[in-house]
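Q: In the working numbering, the protein residues as written are 180 to 293.
(1) Classify residue 238: buried if its beta carbon has 16 or more other beta carbons within 10 angstroms, exposed otherwise.
(2) My output table needs one value for residue 184: the three-state DSSP class, helix, strand or coil.
(3) DSSP three-state call for residue 189: helix, strand or coil?
(4) In angstroms, rounded to a whole number, what distance separates the CA positions of residue 213 and residue 260?
(5) Which runs of the alpha helix (DSSP H) at least 4 residues long sit entirely within the region 206-290? Give them in chain order.
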């Protein structure tokens, strides 16, 4: 499910743009997963082997023409969530509470207290 074909779609600017523009469409669950993986990726303690599936999953999230195109309202991000959950499962041992806390803070900033 996590093809390395999406690694080249990832860069920080594109990720930031995607979150800024489509966070409300993607929803809190997707954005939270994206941000937890992102903070795990930035952590110097995360081993290199764990960064590969994270980069692939984030690249998949960024790329609009994946298995279910992101423009399909209500379903466009369901495949992204699946890919993010698989990546999370692969690297869960390296996800720290601080990654989750930072992601929660960012989600609160983006979505407010919805």
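All residues carry an ideal CB built from backbone N, CA and C; glycine is no exception.
A: Working from what's here:
(1) buried
(2) helix
(3) coil
(4) 9 Å
(5) 207-221, 227-241, 257-270 and 276-290
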